[in-house]
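Okay, structure first, notes after.
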Amino acid sequence: MKPRVSPWIAASVLAGLCAVLVGMSLMVGAERLDVSRAWHEWRSGVSLAESPTLSILVEQRMPRTLASLIAGAGLALSGCAFQALLRNPLATPYILGVSSAASLGAFTATILLQYMGVSYAFAGFSGVQVMAFVFALAEVSIIYAMAAAQGRISPGVLLLAGVTIGNLANAGILMLRYLAKPDQLVSMDRWLMGGVNVLGYRPVLTLFLGVTPCLIVLLAQASKLDQLGFGVELAESRGVNVRKLQAVTFVIGSLMTAVIVSEVGPIGFVGLLVPHAVRTFTGSRHRLLMPLTLVAGGAFLCFCDILARKLLTGETPIGIITSLFGGPFFLYMLLRKRLSDWDM
Amino acid sequence: MNHAATASHAGSRLLVAENVAYGYEPGKPVLTAVTAAIESGRVTGIVGPNGSGKSTLLRLMSGLLAPAQGRVHLDGRPLMAFTRVERARSLAFLPQSINPAFALTVFEVVCLGRYPHVGALRGLGAQDRRVAEQCLRETNTAHLRNRDFSTLSGGERQRVLLASILAQDPNLLLLDEPTSALDIHHQVEIFSLLRRLSRRGYGVAVVTHDLNLAAVFCDALLLLAPGHTGLLASGPPHDVLTDDLLSRAYGAFIRVVRHPVSGAPLVTADVPPQEDIP
């Protein structure tokens with residue numbers, strides 16, 4: 002077996018990496034930020050309105066950095082949990098169609114606005130966000146009901162139903178794109194590519210309140226997911242309530258994904274890439290794997306967001322970055338058999 | 160470790176199934192009114208043809224299935240009154256085929272067995288590691304400690320899995336065909352290990368298709384037959400492995416002879432009279 006990195010070293014390296022990336026994320030952007038100046042101004046009590054530097058830092062850089070950390074952590078951890086839940090290295094909430102359904106919801110909201118002039122907001126969330134969330138939850142409920150028809154969740158039914166409904170949603174998206182007017186099309190496409198370039202703290206607060214409790218619940222399932230790795234019967238005979246574990250992991254993982262997607266769009270690949278990358282260093286004990294995956298996911302999305310700001314002039318959509326940089330890296334790991342932890 | 164070593168004297172009834180019945184589909188019972196006991200210090204073999212409900216009986220005994228009728232008692236208490244974790248501390252179950260979803264080292268696999276003692280949130284303590292080490296030694300797998308479980312040979316895998324259920328610190332071991340994928344050397348190795356563990360006080364119940372190994376290593380046999388109410392027979396191998404009982408159970412012509420050296424029953428097939436080849 003490939004020698005594993007000691008947990009303490011892995012955690013320290015990740016923490017260091019995270020700190021560097023957060024620092025970079027605060028500084029890097031259309032306008033390079035002078036940290037010492039910002040610090041000085043803050044100390045001397047200059048208000049945000051008076052200082053452009055402080056205003057950019059506090060109202061733009063900090064929220065988007067926080068959003069990338071939270072969204073990345075959530076996407077990576079839900080991927081990790083779903084891989085253990087479905088005993089499948091490919092499984093993520095995205096594969097199960099959650100993000101496609103959310104996108105269909107977002108597009109439906111856009112089209113409704115266009116053709117019927119229906120504009121609505123709910124508790125400060127835009128129609129697009131509300132519809133994305135509602136559609137994602139509806140999709141999750143349908144596939145859960147189908148897979149849990151015989152009591153215990155059937156991973157096979159879950160995967161097939163999820164992939165199928167995801168495809169249906171994608172067909173619906175094409176239909177709506179066909180119907181949409183050109184100016185709407187641009188904003189719809191932009192939504193599909195994702196972005197953590199949030200302004201202000203409202204989105205950050207939503208992400209924080211929606212994601213953090215889910216992260217905690219998923220982390221608490223770590224030992225049980227280890228047991229599930231050796232099969233339902235052995236896990237059950239050792240005292241794990243498998244049905245409850247499956248229900249909790251699936252519902253919480255999907256809910257968290259729905260919150261994230263409705264806030265920052267369908268950013269792909271994080272849930273697939275990050276858990277597998279961490280696994281190659283630390284092995285598959287979920288008590289270790291899950292917390293490290295969470296941190297690495299935040300770091301990865303933060304890194305991609307930095308690239309999004311610096312790669313081209315202007316903003317490159319982050320969904321393109323995660324796939325463009327994540328994909329080849331994933332293939333590299335696959336080629337080097339670094340994913341051999343899974344029986345393939 | 161183990162309550163087993165300090166358990167009540169050999170032959171006490173650890174687990175009793177009383178008139179249990181079960182069917183996977185309505186109107187098609189697999190088991191009807193089966194009464195059986197698993198005793199400490201003994202290896203009890205559960206034998207019978209395919210579809211006679213051997214594995215089902217083992218699952219009823221393990222609490223993974225709840226009987227449609229009848230009762231199962233563990234240490235004199237209804238099995239259904241145990242919490243999952245309580246149950247896992249006194250009874251360990253090893254399913255027939257284990258396909259781990261991801262790679263773990265042998266030591267990690269054995270440590271998984273500590274779950275009923277460690278719980279969902281705590282990490283492994285020094286005591287848990289000590290027990291795991293002891294279980295590795297017990298099953299002669301200590302030298303494999305850092306190997307990837309999925310790269311082990313069939314015999315090594317079964318010994319490691321046995322170590323991992325021993326780590327639950329149970330006094331009853333229920334195993335579903337633990338030797339079905341092994342060659343004869345490794346079959347004997349596993350059965351010898353089970354017999355040795357039973358002599359240390361564990362109650363062992365093992366589903367097997369190999370009647371000859373059962374004849375040599377089991378202290379008692381439970382013989383099931385499809386569609387039969389209750390057990391077709393139970394008792395020491397000598398009493399259960401007979402021409403008549405086995406031919407009835409398996410619906411085939413079966414001849415039992417005495418092993419020329421050990422005197423144990425030796426089971427072989429016999430050609431039916433009307434199909435004599437000229």
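So the protein sequences, as listed, match chains H and B.
Converting from the first sequence to our numbering requires adding 1 to each position, the first position being numbered 1.
Converting from the second sequence to our numbering requires adding 159 to each position, the first position being numbered 1.
Each residue gets a CB set at the ideal place from its N, CA and C atoms; glycine is no exception.
- In the structure shown, glutamine 228 (chain B) falls within a strand segment according to DSSP collapsed to helix, strand and coil.
- In the DSSP assignment, valine 179 (chain B) forms a beta bridge with B:Val193.
- In the DSSP assignment, no residue is bridged to valine 129 (chain H).
- At least one beta carbon of chain H lies nearer than 8 Å to the beta carbon of arginine 243 (chain B).
- Two segments are said to touch when three or more pairs of C-beta atoms, one from each, lie closer than 8 Å; by this definition the stretch 195-207 of chain H touches the stretch 256-269 of chain H.
- Residues of chain B whose Cβ lies closer than 7 Å to the Cβ of leucine 235 (chain H) are, in chain order, Pro254 and Ile257.
- By the neighbour-count criterion, in which 16 or more other beta carbons inside 10 Å mark a residue as buried, arginine 201 (chain B) falls on the buried side.
- A contact is defined here as three or more CB-CB pairs under 8 Å, and the stretch 100-109 of chain H fails this definition with respect to the stretch 279-289 of chain H.
- Annotated as proximal: cysteine 19 (chain H) and glycine 299 (chain H), with beta-carbon spacing under 8 Å.
- Taking all protein chains shown into account, leucine 206 (chain H) has fewer than 16 neighbouring C-beta atoms within 10 Å of its C-beta and is therefore exposed.
- Gln228, Leu229, Gly230, Phe231, Gly232, Glu234, Leu235, Glu237, Ser238, Arg239, Gly240, Val241 and Asn242: these are the residues of the stretch 228-259 of chain H whose beta carbon lies less than 8 Å from some beta carbon of chain B, given in chain order.
- When C-alpha distances from arginine 236 (chain B) are compared across B:Val268, B:Thr264, B:Ser421 and B:Glu177, the shortest belongs to B:Glu177.
- Take the alpha-carbon of threonine 242 (chain B) and the one of arginine 280 (chain H): they are about 33 Å apart.
- Chain B places no beta carbon closer than 8 Å to that of alanine 92 (chain H), leaving this residue out of the contacts.
- The C-beta of serine 285 (chain H) comes closer than 8 Å to at least one C-beta of chain B.
- Taking 8 Å as the cut-off, the beta carbon of valine 265 (chain B) is found no closer than this to the beta carbon of leucine 233 (chain B).
- Using a Cβ-Cβ cut-off of 8 Å, serine 224 (chain H) counts as an interface residue toward chain B, since at least one Cβ of chain B sits closer than that to its own.
- By the neighbour-count criterion, in which a residue is buried when 16 or more other Cβ atoms sit within 10 angstroms of its Cβ, asparagine 168 (chain H) is exposed.
- Leucine 334 (chain B) is positioned such that its CB atom lies no closer than 8 Å to that of glycine 314 (chain B).
- The stretch 336-360 of chain B contains, as complete alpha helix (DSSP H) runs of 4+ residues, the segments 343-358 (chain order).
- Ranking B:Ala192, B:Leu263 and B:Gly386 by CA distance to the CA of valine 319 (chain B) puts B:Leu263 first.
- In chain order, Leu49 place their CB closer than 8 Å to the CB of valine 59 (chain H), counting only its own chain and leaving out the 5 sequence neighbours on each side.
- For the pair leucine 159 (chain H) and alanine 223 (chain H), the Cα-to-Cα distance works out to about 21 Å.
- A residue is called buried once 16 or more other Cβ atoms fall within 10 Å of its Cβ, and alanine 82 (chain H) is buried on that count.
- By the rule that beta-carbons nearer than 8 Å mark a contact, alanine 103 (chain H) does not touch chain B.
- Asparagine 371 (chain B) is a Cβ neighbour of leucine 425 (chain B), given a cutoff of 8 Å.
- Residues of chain H with a Cβ closer than 8 Å to the Cβ of glutamine 327 (chain B) are, in chain order, Arg239.
- When DSSP reads this structure, arginine 236 (chain B) sits in a beta bridge with B:Leu233.
- At a cut-off of 8 Å, the C-beta of phenylalanine 266 (chain B) has no neighbouring C-beta in chain H.
- Aspartate 307 (chain B) and glycine 230 (chain H) have their C-alpha atoms roughly 14 Å apart.
- Of the candidates H:Gly328, H:Ile307, H:Arg191 and H:Leu114, the residue whose Cα lies closest to the Cα of glycine 128 (chain H) is H:Leu114.
- Scanning chain B for C-beta atoms nearer than 7 Å to the C-beta of alanine 77 (chain H) yields nothing, as the closest lies near 16 Å away.
- With a cut-off of 8 Å on Cβ pairs, the stretch 202-215 of chain B is in contact with the stretch 374-385 of chain B, counting three or more such pairs.
- In the DSSP assignment, isoleucine 96 (chain H) falls outside any beta strand (DSSP E), carrying neither H nor E.
- Within the same chain, and ignoring the five residues on either side of leucine 22 (chain H) in sequence, the residues whose Cβ sits closer than 6 Å to its Cβ are Ala300, Cys303 and Phe304.
- A distance of 8 Å or more separates the beta carbons of alanine 240 (chain B) and alanine 180 (chain B).
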